[in-house]
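J.:
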Amino acid sequence: MTAAYQSLRIEQADGIAEVVLTGPGKGNALGPDFWREMPEVLRTLDADDSVRVVLLRGEGAHFTYGLDLTAMMESLGPLLVGEGNLALERTRLLQLIERMQAATEGLARCRKPVLAAVHGWCIGGGIDLIAACDFRYCSREAKFSLREVRVGITADLGALQRLPRIIGEGNTRELAYTGGDIDADRALQMGLVNRVFATPDELLVEARATARKIAENPPLVVQGAKQVMEYCADKSVADGLRYVAVWNSAFLQSHDLAEAFAAYAERRPPRFQGR
């Protein structure tokens, strides 16, 4: 990708696209540029057959401080204050929220697996982002906070909908009602993250290693596993089994399947092409 972005950077090589949060707000706070750029970036990565996995991380000392309230006031302010805030302004606020939701929805709907690597603070909108990822790693000093309630906002970008599937209803309600902070050990205990690493540097090394493992597998099969799991999330086991049977009856035959058998027979690493 050659496009220049104000709020993030794309580093792409060997089937892995790293989406790096860069600000410009303090602590990679998520301002207007981010909410405009992130959906576009995700649409581009989703359509790029050379991309097999996405790694989401933050630049500098933190993943993200969450919503950049100061930067967002130009668009939010007129819709929140004043005596004339009636149906038209309510409609525009609804449209603004829906445009912002496109950033987290883009992560969730991306056909490619998305791994979040969290260090430092992950606050508010950052929780919405990582909840939309397939799974999450963090470093020992990472801290998490679903802090919207402390600034008079009901979290509206996906965390309340996705976290119960990840950490359960009770843990989600605790985070949402208190706006409290949790450390890496608590995040691991409740299942918010899969693994905890000693330092941010080790976190990045291991996250990249996992991304490489994913990228080395047949990409259409990995994407199929993601789509089947997403479909089955709110279905019965019977419905899920029927769906995956139909899926494989349509997509099992492939060049990559033949390559897997050939590589096994020839005792060599497979070379999957996504065909």
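Counting from 788, one number per residue, gives the positions in the sequence shown under this note's numbering. Built from N, CA and C at the ideal position, the CB exists for glycine as well.
From M977, T809, I1001 and L856, pick the residue whose C-alpha is nearest to that of E956; which is it?
T.: If we check each option's Cα against that of E956, M977 comes out closest.
J.: How close, in whole Å, do the beta carbons of R927 and A985 come, if the pair is a contact with beta carbons under 8 Å?
T.: About 5 Å; that satisfies the 8 Å criterion.
J.: For the segment 829 to 838 against the segment 907 to 920, are there 3 or more C-beta pairs whose distance is under 8 Å?
T.: Because the criterion of three Cβ pairs below 8 Å is not met, the segment 829 to 838 and the segment 907 to 920 do not touch.
J.: Since R982 contacts G853 with CB under 8 Å, what's their CB separation in whole angstroms?
T.: Contact doesn't hold; Cβ gap of about 23 Å is too wide.
J.: Any chance the segment 791 to 808 sits against the segment 834 to 844, with 3 or more Cβ pairs inside 8 Å?
T.: Contact holds: three or more Cβ-Cβ distances are below 8 Å.
J.: Please report how far the alpha carbon of S1041 lies from the alpha carbon of K1013, in whole angstroms.
T.: Distance between the alpha carbons of S1041 and K1013 is about 18 Å.
J.: From E1017 to N958, what distance separates their C-alpha atoms?
T.: Cα to Cα, E1017 sits roughly 22 Å from N958.
J.: L866 and T997: beta carbons closer than 8 Å?
T.: Going by C-beta atoms, L866 is not nearer than 8 Å to T997.
J.: Going by beta carbon distance, what residues of the same chain come within less than 7 Å of K899, once the five residues before and after it are set aside?
T.: Result list for K899: L832, D833, V838, R839, V840, V841 and Q1010, in chain order.
J.: Kindly identify the DSSP beta-bridge partner or partners of F922.
T.: F922 pairs with L902.
J.: Could you check where the alpha helix (DSSP H) with G864 kicks off and where it finishes?
T.: First-last of the alpha helix (DSSP H) with G864: L856 to L867.
J.: In angstroms with no decimal places, state the Cα-to-Cα distance between V980 and Q793.
T.: Each residue's Cα considered, the two are about 28 Å apart.
J.: With A1002 as the anchor, note down where its alpha helix (DSSP H) starts and where it stops.
T.: Residues P987 to A1002.
J.: Across the segment 808 to 820 and the segment 844 to 862, are there enough close Cβ pairs to call them in contact, namely three or more that are closer than 8 Å?
T.: Contact between the segment 808 to 820 and the segment 844 to 862 is present, because at least three Cβ pairs lie under 8 Å.
J.: Considering only their Cβ atoms, is the gap separating A895 from A826 smaller than 8 Å?
T.: The sequence shown places Pro at residue 826, rather than the Ala named in the question. Their beta carbons are not under 8 Å apart, which means P826 does not touch A895 by this criterion.
J.: Between which two residues does the alpha helix (DSSP H) containing L933 stretch?
T.: Per DSSP, L933 belongs to no alpha helix (DSSP H) and is neither H nor E.
J.: Put E846 into one of helix, strand or coil per three-state DSSP.
T.: Correct three-state label for E846: coil.
J.: Please go through the same chain and pick out, in chain order, the residues whose beta-carbon is closer than 8 Å to the beta-carbon of G1061, but skip the five residues on each side of it.
T.: Answer for G1061: D836, R839, P1005, P1006, L1007 and D1043, listed in chain order.
J.: Just tell me which of A974, A942, I954 and D988 has its CA closest to the CA of G966.
T.: Of A974, A942, I954 and D988, the residue nearest in Cα terms is A942.
J.: Using the DSSP secondary-structure output, state which residues sit across from A804 in a beta bridge.
T.: Looking at the DSSP assignment, A804 forms a beta bridge with Q799 and V841.
J.: Using the DSSP secondary-structure output, state which residues sit across from V983 in a beta bridge.
T.: According to DSSP, which records beta bridges pairwise, V983 is partnered with C925.
J.: Measuring only the C-alpha atoms, how far is R1125 from A1049?
T.: Residue 1125 lies beyond the stretch modelled for the chain, which goes from 788 to 1062, so this question has no answer here.
J.: Going by the CB atoms, is the gap between R949 and A919 shorter than 8 Å?
T.: It is a contact, given that the beta carbons lie within the stated cut-off.
J.: Out of A963, G913, G945 and I914, state which residue places its alpha-carbon closest to the alpha-carbon of R937.
T.: Out of A963, G913, G945 and I914, A963 has the C-alpha closest to the C-alpha of R937.
J.: Kindly list the residues whose CB is nearer than 8 Å to the CB of D921, restricted to its own chain and excluding five residues on each side of it in sequence; keep chain order.
T.: The residues are P900, V901, L902 and K1013.
J.: Taking the beta strand (DSSP E) that I910 falls in, what are its first and last residues?
T.: Run containing I910: W908 to I910, per the beta strand (DSSP E) assignment.
J.: For S1131, I'd like the list of residues in its chain whose CB is within less than 6 Å of its CB, leaving aside the five on either flank, ordered along the chain.
T.: Here the chain comprises residues numbered 788 to 1062, so residue 1131 is not present and cannot be evaluated.
J.: Can you tell me whether L947 is helix, strand or coil according to DSSP?
T.: Correct three-state label for L947: helix.
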